[in-house]
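A short worksheet on the structure shown next.
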Amino acid sequence: MKYFRFIAILWLIMVFLAKGNSQPQQIILQPKDLQISENQLGEASEIIRKRLDKTGLKVISLDLRGREKMLEITIADGHRSKSDELLLTLQGDLQFRETVDRMDFLNRIPEDDPMRAYLLSNSNEELREFQGGNAILAEIDVENQTIVQAHLDRLRKSGYMHDLQVFFGFPDAADKLRLYCLLNQDRFSLDRDDIAEINLISKRNDSGTDISLTFTDKGAQIWTKMTAQNLGRMIAVTMDGRVLMAPRVVEKLTGGKLQITGIWEDRGDQVLYTILTTDLLPTAFEIAYE
128 MKYFRFIAIL WLIMVFLAKG NSQPQQIILQ PKDLQISENQ LGEASEIIRK RLDKTGLKVI
188 SLDLRGREKM LEITIADGHR SKSDELLLTL QGDLQFRETV DRMDFLNRIP EDDPMRAYLL
248 SNSNEELREF QGGNAILAEI DVENQTIVQA HLDRLRKSGY MHDLQVFFGF PDAADKLRLY
308 CLLNQDRFSL DRDDIAEINL ISKRNDSGTD ISLTFTDKGA QIWTKMTAQN LGRMIAVTMD
368 GRVLMAPRVV EKLTGGKLQI TGIWEDRGDQ VLYTILTTDL LPTAFEIAYE
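Read in order, the letters of the sequence shown are residues 128 to 417 in the numbering used here.
Laid out in structure tokens, this is it:
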């Protein structure tokens, strides 16, 4: 009996210490568009508060620094996940974009250009074996994103990418991200305004959830035409200029439905669902300091 009493007391002490170590965390957000008005900043603060509330993150305070154009947020539990940070920073601009085969992109770059060699050397076996319709240019470490972006800017100025765009994906659990080649001007316009319903659904044979999208009648018609004209190619689902996923189209899709799965780690589906079911932020934000 004494043993069980000792275990119970020890458990209570551990719970108390855990609560004591969970300190509030202060985060300062700065808008990427510094021309944002004070009213828009106030609107953004309310949207971010709703996002945090919907995902169960308790907000102690959320204050506007109007003159500095910053938001100061204090969250009760400082142990947030990486995907939780996206609640604070992503505008939520969801789009469906056509892609370009990686070899069409690589063949435009001179053979002696260092960027061509870099992209080829950072193509893993999976990418090399993916024949036809593969829009994934390479897979790189997050720490190399800045230097890769500098090379892409150079290629754009040289005129090699006048009708193409290169988008980065979101980092995975191993801090790797992929580069995708997209058309600069799409033949179709399909975005979150064309979505009628968004649901978070449980997976049948696995733990976790998926996001189910149902398009409006207009959106469903565009989606059917888009998939019909991109058979064998990828369609990129993007948010704020980054690729969430890029499924390969194997048949014309009718019915106006789409599932988004496997997005981010640490309850990423819940985070994405929350972003999609709250209003679009006036602009994206970045964490200035914390």
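All residues carry an ideal CB built from backbone N, CA and C; glycine is no exception.
By the neighbour-count definition (other C-beta atoms within 10 Å, threshold 16), residue 353 is a buried residue.
The C-beta separation of residue 309 from residue 363 comes to about 6 Å, placing the pair in contact by the 8 Å criterion.
A Cβ-Cβ separation of about 6 Å places residue 307 in contact with residue 373 under the 8 Å criterion.
DSSP places residue 187 in the uninterrupted beta strand (DSSP E) bounded by 186-192. Between residue 414 and residue 164, the alpha-carbon positions lie close to 19 Å from each other. Boundaries of the alpha helix (DSSP H) harbouring residue 166: 165-181, taken from the DSSP string. Each of 314, 260 and 394 was checked against the Cα of residue 377, and the nearest Cα belongs to 260. Rounded to whole angstroms, residue 298 and residue 397 show a C-alpha spacing of 17 Å. In terms of Cα proximity to residue 408, the closest of 151, 150, 160 and 153 is 160. A Cβ-Cβ separation of about 16 Å leaves residue 216 out of contact with residue 153 under the 8 Å criterion. Inter-residue distance for residue 385 and residue 324 is about 11 Å (C-alpha atoms, whole angstroms). A distance below 8 Å separates the beta carbons of residue 410 and residue 218.
The beta-carbon separation of residue 172 and residue 191, rounded to 6 Å, stays under the 8 Å limit for a contact.
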